[in-house]
Amino acid sequence: MFDYETIRLIWWLFIGVVAIGFAITEGFDFGIGALLPFLGRTDLERRVIINTVGATWEGNQVWLILLGGAIFAIWPPVYATLFSGLYAAMLLVLFALFFRPAGFDYRSKLENPTWRNAWDWGLFVGGAVPPILLGVLVGNLILGLPFHLDADLRSFYDGSFWGLLNPFALWCGVIGLLTCLFQGAIFLKWRTEGDIQRRAQQAVGILGPALLVMLAIAMIWVIAGIGRPEITTMAGTEAPSNPLHKTVVAAGGGWLQHFAAHPWMFVAPLLAFGGLGASWLVGRAPGLAFLLSSLGIAGMLLTLGFGLFPFLLISTTDPNSSLTLWDASASHFTLLLSFWITVVFLPIVLLYTRWVYRVIWGSVTEEKVLQDQHTLY
Amino acid sequence: MISGDDVVTLSRLQFGLTALYHFLFVPLTLGMTFILAIMESVYVMTGKEVYRDMTKFWGKLFGINFAMGVTTGITLEFQFGTNWAYYSHYVGDIFGPLLASEGWMAFFLESTFVGLFFFGWNRLTQVQHLTVTWLLALGTSLSALWILIANGWMQHPVGAEFNDETLRMEMKSFADVFFNPVAQVKFVHTVAAGYVTGSMFVLGVSSWYLLNKRDIGFARRSFSIASAFGLASVLSVIVLGDESGYTSGETQKIKLAAIEAEWDTHKPPASFTLIGFPDQEREKTDLAIKIPYVLGLIATRSIDEEVKGLKELRAESAVRIRSGMTAYGELQKLRSGDKSEATRASFEKHKADLGYGLLLKKYTGLVVDADEATIQKAANDTIPRVAALFWTFRIMIACGFTMLFIFAMAFYYCARRVADQKRWLMKLAVWCIPLPWIAAETGWFVAEYGRQPWTISGVLPTYLSVSSIAASQIWLSIAGFLFFYTVLLVIELYLMFKYVRLGPSSLHTGRYFLENRTVKP
Numbered sequence: 020m021f022d023y024e025t026i027r028l029i030w031w032l033f034i035g036v037v038a039i040g041f042a043i044t045e046g047f048d049f050g051i052g053a054l055l056p057f058l059g060r061t062d063l064e065r066r067v068i069i070n071t072v073g074a075t076w077e078g079n080q081v082w083l084i085l086l087g088g089a090i091f092a093i094w095p096p097v098y099a100t101l102f103s104g105l106y107a108a109m110l111l112v113l114f115a116l117f118f119r120p121a122g123f124d125y126r127s128k129l130e131n132p133t134w135r136n137a138w139d140w141g142l143f144v145g146g147a148v149p150p151i152l153l154g155v156l157v158g159n160l161i162l163g164l165p166f167h168l169d170a171d172l173r174s175f176y177d178g179s180f181w182g183l184l185n186p187f188a189l190w191c192g193v194i195g196l197l198t199c200l201f202q203g204a205i206f207l208k209w210r211t212e213g214d215i216q217r218r219a220q221q222a223v224g225i226l227g228p229a230l231l232v233m234l235a236i237a238m239i240w241v242i243a244g245i246g247r248p249e250i251t252t253m254a255g256t257e258a259p260s261n262p263l264h265k266t267v268v269a270a271g272g273g274w275l276q277h278f279a280a281h282p283w284m285f286v287a288p289l290l291a292f293g294g295l296g297a298s299w300l301v302g303r304a305p306g307l308a309f310l311l312s313s314l315g316i317a318g319m320l321l322t323l324g325f326g327l328f329p330f331l332l333i334s335t336t337d338p339n340s341s342l343t344l345w346d347a348s349a350s351h352f353t354l355l356l357s358f359w360i361t362v363v364f365l366p367i368v369l370l371y372t373r374w375v376y377r378v379i380w381g382s383v384t385e386e387k388v389l390q391d392q393h394t395l396y
Numbered sequence: 008m009i010s011g012d013d014v015v016t017l018s019r020l021q022f023g024l025t026a027l028y029h030f031l032f033v034p035l036t037l038g039m040t041f042i043l044a045i046m047e048s049v050y051v052m053t054g055k056e057v058y059r060d061m062t063k064f065w066g067k068l069f070g071i072n073f074a075m076g077v078t079t080g081i082t083l084e085f086q087f088g089t090n091w092a093y094y095s096h097y098v099g100d101i102f103g104p105l106l107a108s109e110g111w112m113a114f115f116l117e118s119t120f121v122g123l124f125f126f127g128w129n130r131l132t133q134v135q136h137l138t139v140t141w142l143l144a145l146g147t148s149l150s151a152l153w154i155l156i157a158n159g160w161m162q163h164p165v166g167a168e169f170n171d172e173t174l175r176m177e178m179k180s181f182a183d184v185f186f187n188p189v190a191q192v193k194f195v196h197t198v199a200a201g202y203v204t205g206s207m208f209v210l211g212v213s214s215w216y217l218l219n220k221r222d223i224g225f226a227r228r229s230f231s232i233a234s235a236f237g238l239a240s241v242l243s244v245i246v247l248g249d250e251s252g253y254t255s256g257e258t259q260k261i262k263l264a265a266i267e268a269e270w271d272t273h274k275p276p277a278s279f280t281l282i283g284f285p286d287q288e289r290e291k292t293d294l295a296i297k298i299p300y301v302l303g304l305i306a307t308r309s310i311d312e313e314v315k316g317l318k319e320l321r322a323e324s325a326v327r328i329r330s331g332m333t334a335y336g337e338l339q340k341l342r343s344g345d346k347s348e349a350t351r352a353s354f355e356k357h358k359a360d361l362g363y364g365l366l367l368k369k370y371t372g373l374v375v376d377a378d379e380a381t382i383q384k385a386a387n388d389t390i391p392r393v394a395a396l397f398w399t400f401r402i403m404i405a406c407g408f409t410m411l412f413i414f415a416m417a418f419y420y421c422a423r424r425v426a427d428q429k430r431w432l433m434k435l436a437v438w439c440i441p442l443p444w445i446a447a448e449t450g451w452f453v454a455e456y457g458r459q460p461w462t463i464s465g466v467l468p469t470y471l472s473v474s475s476i477a478a479s480q481i482w483l484s485i486a487g488f489l490f491f492y493t494v495l496l497v498i499e500l501y502l503m504f505k506y507v508r509l510g511p512s513s514l515h516t517g518r519y520f521l522e523n524r525t526v527k528p
């Protein structure tokens with residue numbers, strides 16, 4: 020039905036959709052976890068905050084699992100190179116994620132304040148560490164990673180964990196954290212009342228400009244200070260996936276070239292700044308603010324995707340080993356199969372997720388938590 | 008000090024550790040969701056409050072367990088990439104979509120509805136909440152379906168072919184992968200074992216309440232449901248035991264022969280070695296007690312098909328290794344630009360044995376220069392350590408039959424309404440709570456250790472599947488896992504015991520034992 024080139028392109032978009040779904044939903048989950056010890060002063064306040072996502076965080080986390088699974092299925096070499104190359108970083112993300120299921124489920128099962136306080140900090144770690152490290156990962160995607168493939172397409176990582184923590188990547192790590200905090204604060208503003216809502220609004224007020232300024236500086240940094248490689252020859256967009264059948268030069272036409280050639284792409288950065296900026300300004304309509312900040316996050320990821328296209332992973336030590344959506348994809352058969360599975364199940368998932376949110380919707384208040392204190396988190 | 012071998016051994020150790028640990032929580036989730044759905048169905052049909060309380064209380068215990076299942080499950084998804092990168096490249100085209108399907112069809116379903124299960128009681132109608140519980144149960148079993156299709160493919164890789172341009176396996180038929188007989192048998196066997204685990208847990212804990220004369224009505228009803236569901240499930244596990252899946256695929260045959268310590272091929276029907284002491288060096292089993300006919304019946308479902316012995320299977324491996332050397336040689340020619348028809352034809356002819364050629368990589372990087380001694384060494388690698396499989400398999404079987412006895416007795420006495428007078432049975436049920444876990448862990452050991460030296464049977468040796476990482480990195484991650492997993496296990500068990508002791512009183516309805524204790528003499 021779709022030729023190989025088309026389905027490869029469709030999947031590049033679909034993975035983008037899953038990444039955006041992940042960033043929007045896990046974004047506020049992570050953010051709420053990281054804000055928990057600061058916006059909630061008493062045990063009851065913290066329970067209010069936790070229960071704004073208590074019934075839904077688990078479903079949201081599946082976006083992360085699915086993002087990993089989809090990259091495995093659609094771009095196996097990317098999955099292999101990224102996870103084994105960034106071994107320590109990936110394990111740190113994993114260990115931080117360990118704090119979440121137990122944190123949510125076990126925290127309020129005992130009355131002991133030390134126990135509860137410890138889990139609150141566990142939820143803080145589980146909410147703050149992954150967005151920082153994933154931000155660092157995005158920074159290194161732009162800079163390129165030191166890896167090469169041998170003739171059997173076995174991937175070797177030529178750098179170290181500490182090499183990931185360079186100034187630009189750390190800058191991106193902070194952006195990752197700020198994005199989640201911002202999204203989390205807006206969500207809290209939407210679903211709480213009184214003191215917590217007021218504190219969340221204050222957080223939004225501070226986080227918004229910080230995020231916008233850091234993002235703007237990062238973009239200037241990329242355009243002015245970071246080179247972008249260029250494909251010089253390749254086997255073609257329909258060829259079997261073998262990343263070594265192409266040549267790449269390290270210094271290419273720069274990060275703006277796609278945007279210059281296709282000005283409509285400027286929609287993405289405009290959406291990022293417009294969405295985040297507007298959601299910061301909309302004070303009294305938290306639902307609208309949430310929609311706008313979600314659009315802003317989508318804009319950020321689209322900007323990243325348009326800039327990198329067609330690269331998925333850039334290699335700094337052996338540019339020819341770089342992985343692109345044309346030569347690092349699964350087979351035509353598997354892309355089509357996965358396409359149909361996704362086309363059938365994505366709408367179903369969205370439908371029942373919407374239903375679940377409708378059922379549990381409503382402000383979470385201290386009275387409600389007290390009323391259901393033996394059932395709620 | 009740090010050699011490739013260390014990385015292989017350590018990666019296997021880490022995977023075995025984390026996978027077995029994950030599977031402490033999976034079977035209980037599989038079983039409990041169904042038991043919860045059954046309990047709640049009874050509640051909706053009869054309107055009796057005690058069944059709602061049962062759903063809620065056993066649901067609390069399920070929740071404590073489920074959190075650990077989620078925590079440890081993410082590890083496995085990460086681990087294919089972190090520790091088994093070449094595997095991910097080599098078979099990602101088949102394994103990846105199965106994992107992604109699990110995400111779309113199962114993870115979203117169970118994870119989205121688990122929240123509503125806990126927090127939706129006052130927001131949904133009875134039928135709506137019941138539907139949510141059933142969808143949760145469906146989600147957990149669907150999750151098992153997809154991951155066992157993926158695992159079944161590792162045991163018996165059908166529906167895929169090697170592509171010499173992309174240097175990996177690629178899927179050719181989704182139907183073949185999905186309806187893989189090994190995968191289907193595995194799925195039924197594993198989910199039924201999960202249902203047994205849930206039943207044994209509920210049966211044992213209810214027995215403890217009955218023995219302590221507390222919450223009698225609540226415990227008796229839980230006991231009955233667990234005994235009926237458990238009996239049906241344990242019969243499924245035993246009757247549909249996955250030995251019947253051991254006839255398709257070379258590695259599966261080797262595994263079967265090893266489980267039975269069948270060194271030589273005997274005339275059919277093969278007899279079953281009930282017990283004995285396999286000796287790998289002498290290739291003999293000492294003090295074997297054999298039951299005639301039984302192995303042939305179990306394995307081939309007939310009395311005139313033979314079950315091949317290990318020595319013959321090893322000789323077959325050697326033949327395939329020689330063929331694999333040719334395949335590997337032709338592949339190198341193809342890759343260096345030789346496009347002649349003869350090379351292509353020869354490669355296509357031997358392609359199915361390429362994986363056997365790769366077994367030689369452990370001894371010689373060039374593969375094609377292997378001498379006869381090296382080929383024999385590689386062939387010997389295809390025979391697993393017999394004693395380990397022999398014994399773990401028998402432990403699993405012993406657990407299974409013990410549980411069959413318990414469930415049969417429990418069901419019989421329940422039907423006669425005298426179960427709560429049989430203290431010996433209830434004590435036995437409490438002490439036997441660990442059995443389903445022992446059976447599940449030993450069962451997985453047989454399945455995975457028995458597949459060695461392959462990750463993908465006949466296709467990709469374990470030796471080649473690992474990431475290009477340093478052993479020190481894996482040591483660090485193993486240390487991390489040991490630390491976090493130990494702490495989490497202690498916490499989980501503490502909460503589990505605490506809530507089991509509290510019993511339905513933890514619901515704070517005012518109707519249960521501990522809440523009334525103060526007014527009693």
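Respectively, the protein sequence lines represent chains C and B. Throughout the first sequence, residue numbering follows the numbering used here, covering 20 to 396 in sequence. Throughout the second sequence, residue numbering follows the numbering used here, covering 8 to 528 in sequence. Here a beta-carbon is modelled for each residue, glycine too, at the ideal position from N, C-alpha and C.
Compare the C-beta of C:L32 with all C-beta atoms of chain B and state if any pair is closer than 7 angstroms. no
Checking contacts by CB at 7 angstroms: is C:G182 closer than that to chain B? no
For chain B, find out if any of its Cβ atoms is closer than 7 angstroms to the Cβ of C:D337; answer yes or no. Using a CB distance cut-off of 7 angstroms, C:D337 does not count as an interface residue toward chain B.
Can you grab the Cα-Cα spacing for the pair B:K297 / B:A268, in whole Å? Whole-angstrom Cα-Cα distance: 11 angstroms.
Please give the ranges of any alpha helix (DSSP H) in the segment 170-238 of chain C, keeping only runs that are unbroken, at least 4 residues long and fully inside the region. 180-183 and 186-210
So, is the C-beta of C:G88 closer than 7 angstroms to a C-beta in chain B? yes
Counting only the same chain and skipping the five closest in sequence on each side, list residues whose C-beta sits under 7 angstroms from that of C:L83. F41 and E45
Let me confirm a value: B:E177 is counted as buried when at least 16 other C-beta atoms fall within 10 Å, else exposed. Which label applies? Classification of B:E177: buried, given that the 10 Å Cβ count is 16 or more.
Taking C-alpha atoms, which residue in B:A226, B:Y370, B:R351 and B:V195 lies nearest to B:D60? With respect to the C-alpha of B:D60, the residue from B:A226, B:Y370, B:R351 and B:V195 having the closest C-alpha is B:A226.
Taking the alpha-carbon positions, what's the B:E117 to C:T372 distance? Looking at the two C-alpha atoms, the distance is approximately 11 angstroms.
Distance, Cα to Cα, B:A26 vs C:A235? 44 angstroms
Per DSSP, what kind of secondary structure is C:H393 in: helix, strand or coil? coil
Counted within 10 angstroms of its Cβ, other Cβ atoms place B:P441 as buried (16 or more) or exposed: By the neighbour-count criterion, in which a residue is buried when 16 or more other Cβ atoms sit within 10 angstroms of its Cβ, B:P441 is exposed.
Taking C:A147 as the reference, give the member of C:A115, C:G178 and C:E130 with the closest Cα. If we check each option's Cα against that of C:A147, C:A115 comes out closest.
Between the segment 320-328 of chain B and the segment 353-363 of chain B, do three or more beta carbon pairs fall short of 8 angstroms? yes
According to DSSP, is B:S475 part of a helix, a strand, or is it coil? Collapsing the DSSP output to three states places B:S475 in a strand.
Does C:P56 get closer than 7 angstroms to chain B when you measure Cβ to Cβ? no
Between which two residues does the alpha helix (DSSP H) holding C:E130 run? Per DSSP, C:E130 belongs to no alpha helix (DSSP H) and is neither H nor E.
According to DSSP, residues forming a beta bridge with B:P285: B:T292
Residue-level contact to chain B via CB, C:K387, 7 angstroms cutoff: no
Taking the alpha-carbon positions, what's the B:G465 to B:P391 distance? Straight through space, the alpha carbons of B:P391 and B:G465 are spaced by roughly 14 angstroms.
Given that a residue counts as buried once 16 or more other Cβ atoms are within 10 Å of its Cβ, and exposed if not, what is B:E355? exposed
With 7 angstroms set as the bound, which would you pick, yes or no: does the beta-carbon of B:W111 sit closer than that to a beta-carbon of chain C? yes
Hey, is C:M109's beta-carbon within less than 7 angstroms of any beta-carbon in chain B? yes
Who are the Cβ neighbours of C:W30 in its own chain at under 6 angstroms, not counting the five residues just before and after it? I93 and L354
Does C:F166 come out as helix, strand or coil in the three-state DSSP assignment? It is a strand residue.
Give me the Cα-Cα distance between C:L162 and C:L263, rounded to the nearest whole angstrom. Between C:L162 and C:L263, the C-alpha separation is close to 20 angstroms.
Please identify the residue among B:A415, B:V49 and B:T516 whose C-alpha is closest to the C-alpha of C:Q392. B:T516
If you measure from the beta carbon of B:H29 to each beta carbon in chain C, is any gap under 7 angstroms? Judged by the 7 angstroms Cβ criterion, B:H29 is not in contact with chain C.
Partner residues on chain B for C:K128, Cβ-Cβ distance less than 7 angstroms: L502
7 angstroms Cβ cutoff met for C:T336 and C:D177: yes
Taking C:T361 as the query, report the chain B residues whose CB atoms sit under 9 angstroms from its CB, ordered along the chain. A107 and W111
Compare the C-alpha of C:F180 against each of C:T198, C:V193, C:P165 and C:S174 and name the closest. C:P165
Which parts of the segment 401-450 of chain B are runs of the alpha helix (DSSP H), unbroken and 4 residues or longer, counting only runs that do not cross its ends? Every alpha helix (DSSP H) of 4 residues or more that sits fully in the segment 401-450 of chain B is shown, in chain order, as 430-438.
Starting from B:E177, trace the beta strand (DSSP E) in both directions and tell me its first and last residue. R175 to M178
Out of C:N79, C:E64, C:L101 and C:L58, state which residue places its alpha-carbon closest to the alpha-carbon of B:I476. When only C-alpha atoms are compared, the closest one is C:L101.
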